[in-house]
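Trainee: Chains as they are written, first to last, in the UniProt record's numbering: chain X, 1 to 468; chain E, 1 to 468.
1. Have a look at 418(X), 412(X), 455(X) and flag the residue whose alpha-carbon is nearest the alpha-carbon of residue 437(X).
2. With DSSP as the reference, label residue 446(E) as helix, strand or coil.
3. In the DSSP assignment, find the unbroken beta strand (DSSP E) run with residue 262(X) in it and report its ends.
4. With H, G and I counted as helix, E and B as strand and the rest as coil, what does DSSP make of residue 195(E)?
5. Residues in the segment 60-79 of chain E with C-beta within 8 Å of chain X's C-beta atoms, listed in sequence order?
6. Whole angstroms are fine: how far does the CA of residue 423(X) sit from the CA of residue 364(X)?
7. Return the chain-ordered ranges of every alpha helix (DSSP H) run that is complete within the segment 370-426 of chain X and spans a minimum of 4 residues.
8. Taking the beta strand (DSSP E) that residue 127(E) belongs to, which residues open and close that run?
9. Which runs of the alpha helix (DSSP H) at least 4 residues long sit entirely within the segment 179-247 of chain X? Give them in chain order.
10. When you check each C-beta in the segment 190-216 of chain E against every C-beta of chain X, which residues fall closer than 7 Å?
11. Along the alpha helix (DSSP H) that carries residue 336(E), what are the first and last residues, could you check?
12. What did DSSP end up calling residue 105(E) once you bin it into helix, strand or coil?
13. Just checking: is the beta-carbon of residue 187(X) within a distance shorter than 8 Å of some beta-carbon in chain E?
14. Any idea if residue 157(X) is buried or exposed, counting beta-carbon neighbours within 10 angstroms, 16 or more meaning buried?
15. Could you tell me the distance, in whole angstroms, from the CA atom of residue 186(E) to the CA atom of residue 431(X)?
16. With a threshold of 16 other CB atoms inside 10 Å of the CB of residue 85(X), please say whether the residue is buried or exposed.
17. To the nearest angstrom, how far is the alpha carbon of residue 302(X) from that of residue 258(X)?
18. Cβ closer than 7 Å: which chain A residues qualify as neighbours of residue 163(X)?
19. Here's the rule: buried if 16 or more other CB atoms are within 10 angstroms of the residue's CB, otherwise exposed. What is residue 289(X)?
20. Tell me, please, which residues DSSP counts as bridged to residue 56(E).
21. According to the Cβ coordinates, are residue 225(X) and residue 137(X) closer than 8 Å?
22. If the cut is a Cβ gap below 7 Å, which residues of chain X does residue 469(E) touch?
23. Starting from residue 47(E) and walking both ways along the beta strand (DSSP E), at which residues does that stretch end?
24. Short check: CB of residue 99(X) to CB of residue 52(X), under 8 Å?
25. Run through DSSP, which three-state label would residue 143(X) get?
26. Report the rounded CA-to-CA distance for residue 391(E) versus residue 230(X), giving the unit in angstroms.
27. At the level of alpha carbons, what is the spacing between residue 384(E) and residue 159(X)?
28. What does the alpha-carbon distance come out to for the pair residue 121(E) and residue 105(E)?
29. Tell me, which residues are paired with residue 79(X) by DSSP?
30. Does any residue of chain E bring its CB to less than 8 Å from the CB of residue 291(X)?
31. So is residue 134(E) buried or exposed if we call it buried at 16+ other beta carbons inside 10 Å?
32. Could you list which residues in chain E have their beta carbon closer than 7 Å to that of residue 440(X), in chain order?
33. Under the rule that 16 or more other beta-carbon atoms within 10 Å means buried, what is residue 196(E), buried or exposed?
34. Excluding the 5 residues flanking residue 178(X) on each side, which residues of the same chain have their C-beta closer than 7 Å to its C-beta?
35. Assuming the contact rule is C-beta atoms closer than 8 Å, residue 94(E) and residue 464(E) should be a hit. Round their C-beta distance to whole Å, please.
36. The alpha helix (DSSP H) with residue 435(X) in it runs from where to where?
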């Protein structure tokens, strides 16, 4: 792999007339300070790209529209910015331009509890939303690792641990408002649960990674807090047995709410970080939602499946405090994992395959990384066929990055051969553009380009992402 | 309303060179016989449009691609045809052209029971698919009234009685192959349950009504046959009480599998048609899927809600035969309803609103139709906020059609004011193009047009549908 840095060079300065207008209209909310630009020009990816030339903090849809219109007038890229937690280089200013930060648009506009819908501004984060919903007896299930913004989560078609039961952003966004490349405001969808009214622009925007518009409002589904919630962990003799348990649970139709895998390396990391004292062997972390009786029934079924695979007796947690302890392992896995190799940077994979092929995908990936000798750990939304292998790299050793990229490419090739996808939930961004072509073929990517060209003829909306 | 017929005039004949090529390549499977053309030029809508100039029966994706390429070369419209059961004029040859009948592409290509996916050709009908799946312990839940083809169901984003629990075609199509306007084959999606790989072309095609391509293969989700299934009917003193029961059931999160309303007129019709001897008052027909205990628990919860609304005791059906008897009422409602006024034609509405607004939408619609004095009946997927009012019209009385169109327009305007949609599951077709603009605004429709223009620059794919 070429060093990704080499592909990008500093962009020419913003047109003075544009910067002057932005400053006149946004005052201190238009910043060219180095620190602000750098903060908006870095994400969790491995790319090293010069930061955007300016950052504008928008506080309303009208302001978003104004920034887009001004940038369109000057043919300058606009890069939407929410929480900055994307993983594949989505927010990097690869062609320069203005980072349009919508994190201050963080109001929950409506909670329609009777309809199980909420309408929010794009800067609302998932944790803030759930904090506000709790006293209504509702929750929003999509939970990527970070406390991402809902606008960003829609833009990357995010999911997380609850997707196995509640779906991803694809299934949970009912309608949007967004500013198109022209500066015009477009609304899609409604609060109705289903509709056959014309092209599904909502789902065209969900997953478009900021390349078709800047999301300014979302109406999403929420769900009643279940009457009963029960979490359990179960340890297995090998990763295979854990994965086979997850596969069978899904195949027999148990409506499990969460079904997460941590490998022995991930457990070692969270034990070191949080003194959890968990057994250092592959573990499934499961959660069951429903009525008291329903939860008990699901759990009994899953225990029987786990028994057959050599799983140990469940350790249960039914109080919120006990559940929090178990979920700490999962939530801290990434950061704890990084600390296993001080100073390292991680490259994280994201393949997703049909569930019947998951065990072979993980087995082969483990064999390859073990053979290569790179430190790694695994966490996985195994109920969806999706897992993440994080390779822990010494940033001073380019050979390790090259090895990680080779392993990652092998894993993607295998996932595609197994009829899966190169990305279950992180998106394409800068990193997976070649994999996208491998996955869906030139014809589909050409169709995506044609859509992009039609909706953003000047190419100003987060250019260089998904396809170059 | 203008008589819809007046908008269309006979198209000029097909170019002789095109017809010659189609005949040479497809032999008897290219037909210009009047009867065949008329069969392919009529649907359940009220429009009277000259039939397509030719019908080609394709037997493979390569043949579909060939027809599209030849039509592109001659700038002749291609109108995909499946089971011919669409309701809004989708298959009418409003600009002439070739009806491309894919009903002979009816093979089930793969059943991946372990992954709960199947891959089919577009002419497979929902009943044929379920027949094939039954012995695998699986079922495909989407059930529009007619025995529609899966290609057509995807193209119109169909749903039906199970959508309240299992979703619509939007949620159940994982991937597609289709022939684009260029004649090129495009594939989208994969067999993975989720993906963030690029624009969601799958869902752009789902609901595109044949205007962006001809679907040649679908991979869809299927579901395990539940361990226990129980159906029940419950009668209510008024339609309001029935609807409020449905609303509360959804709001408290009961995972009800089907929740259908029939009004007293619909019951009278099915009693007359099938001698069912049901009470002639508003009825909910419900189905519960799950474990034995889970089904019993759901049913008890719903009975308690119904009791509060003055519902009578449930009449239960747990054997397949008894369930079939109850569901006969629902499945025969449309045809039985038509027979309430011999020789009539029906105009059917399809609004869908947030569930909290459903009662007021139905109440007002009933008041308006009663005041207008048109015969009607109501069936509804009330768990989704969706209902159909069928107006029964004397075809010899244009004033009745005008009244029905006025009532329908009032109902749509109200549904939009209630934050719903003009069509829950039938699509836009010819009939609802004005309503689409009312619903989503000029900017969104302009965006749809831009996508259409980019992907079908010659305008040959089912032209004149969704927007003119």
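Glycine is no exception: its CB is placed at the ideal position from the N, C-alpha and C atoms.
Mentor: Once the coordinates are examined:
1. The residue labelled residue 437(X) in the question sits at position 437 within the first chain. Minimum Cα distance to residue 437(X) is reached at 412(X).
2. Mapped onto the second chain, residue 446(E) falls at position 446. DSSP places residue 446(E) in helix when its eight states are reduced to three.
3. For the purposes of this step, residue 262(X) is taken as residue 262 along the first chain, with counting starting at 1. That run of the beta strand (DSSP E) goes 258-262.
4. The residue you call residue 195(E) lines up with position 195 of the second chain. Of the three classes helix, strand and coil, the one that applies to residue 195(E) here is coil, per DSSP.
5. none
6. Taking the first chain and counting its residues from 1, one reaches residue 364(X) at position 364. Taking the first chain and counting its residues from 1, one reaches residue 423(X) at position 423. Rounded to whole angstroms, residue 364(X) to residue 423(X) spans 18 Å at the Cα level.
7. 398-417
8. As a first step, residue 127(E) must be located in the second chain, where it is residue number 127. No beta strand (DSSP E) holds residue 127(E); the alpha helix (DSSP H) holding it covers 126-134.
9. 201-205
10. 190, 191, 192, 193, 194, 195, 196, 197, 198, 199, 200, 201, 203, 204, 206, 207, 208
11. Indexing the second chain from 1 puts residue 336(E) at position 336. Here the alpha helix (DSSP H) through residue 336(E) covers 333-338.
12. Taking the first residue of the second chain as 1, we reach residue 105(E) at position 105. Three-state DSSP puts residue 105(E) in coil, outside helix and strand.
13. By 1-based counting over the first chain, the position of residue 187(X) is 187. True, the Cβ-Cβ gap to chain E drops below 8 Å.
14. Position 157 of the first chain, counted from the start, is the residue given in the question as residue 157(X). Residue 157(X) should be labelled buried.
15. Here residue 186(E) corresponds to residue number 186 of the second chain, with the count starting at 1. Here residue 431(X) corresponds to residue number 431 of the first chain, with the count starting at 1. Using only the alpha carbons, I get a separation of about 23 Å.
16. Indexing the first chain from 1 puts residue 85(X) at position 85. Under this definition residue 85(X) is a buried residue.
17. The residue given as residue 302(X) occupies position 302 in the first chain. The residue given as residue 258(X) occupies position 258 in the first chain. Distance between the alpha carbons of residue 302(X) and residue 258(X): 12 Å.
18. The chain inventory of the structure shown lacks chain A, comprising the protein chains X and E.
19. Within the first chain, the letter at position 289 stands for residue 289(X). It is buried - the Cβ of residue 289(X) has at least 16 other Cβ atoms within 10 Å.
20. Along the second chain, one-based indexing puts residue 56(E) at 56. Partner(s): 30(E), 100(E).
21. On the first chain, position 225 is the one that residue 225(X) refers to. On the first chain, position 137 is the one that residue 137(X) refers to. A contact, by the Cβ cut-off of 8 Å.
22. Shown here, chain E extends from 1 to 468; a query on residue 469(E) therefore has no answer.
23. The sequence position of residue 47(E) within the second chain is 47, counting from 1. Element bounds for residue 47(E): n/a, residue is neither H nor E.
24. As a first step, residue 99(X) is located in the first chain; it is residue number 99 there, counting from the start. As a first step, residue 52(X) is located in the first chain; it is residue number 52 there, counting from the start. Yes; because the gap between Cβ atoms is below 8 Å, this pair is in contact.
25. For this step, residue 143(X) is matched to residue 143 along the first chain. Strand at residue 143(X).
26. As a first step, residue 391(E) is located in the second chain; it is residue number 391 there, counting from the start. As a first step, residue 230(X) is located in the first chain; it is residue number 230 there, counting from the start. Answer to the nearest angstrom: the Cα atoms are 50 Å apart.
27. Taking the first residue of the second chain as position 1, residue 384(E) is located at position 384. Taking the first residue of the first chain as position 1, residue 159(X) is located at position 159. Approximately 24 Å, taken between the alpha carbons.
28. In the second chain, residue 121(E) corresponds to position 121, counting from 1. In the second chain, residue 105(E) corresponds to position 105, counting from 1. Rounded to the nearest angstrom, the two C-alpha atoms are 5 Å apart.
29. Residue mapping note: residue 79(X) aligns to position 79 of the first chain, counting from 1. Per DSSP, 99(X).
30. Position 291 of the first chain, counted from the first residue, corresponds to residue 291(X). Answer yes: the Cβ-Cβ gap between residue 291(X) and chain E drops below 8 Å somewhere.
31. Sequence index remark: in the second chain, residue 134(E) carries index 134 (1-based). The residue is exposed, with fewer than 16 neighbouring Cβ atoms inside 10 Å.
32. As a first step, residue 440(X) is located in the first chain; it is residue number 440 there, counting from the start. The contacting residues are 187, 188, 197, 198.
33. The count along the second chain starts at 1 and reaches residue 196(E) at position 196. Classification for residue 196(E): buried.
34. Reading the first chain from its first residue, position 178 is the one you call residue 178(X). Answer for residue 178(X): 186, 205, 213, 214, 215, 216, listed in chain order.
35. Residue mapping note: residue 94(E) aligns to position 94 of the second chain, counting from 1. Residue mapping note: residue 464(E) aligns to position 464 of the second chain, counting from 1. About 4 Å; that satisfies the 8 Å criterion.
36. As a working mapping, residue 435(X) is identified with position 435 in the first chain. Run containing residue 435(X): 433-440, per the alpha helix (DSSP H) assignment.
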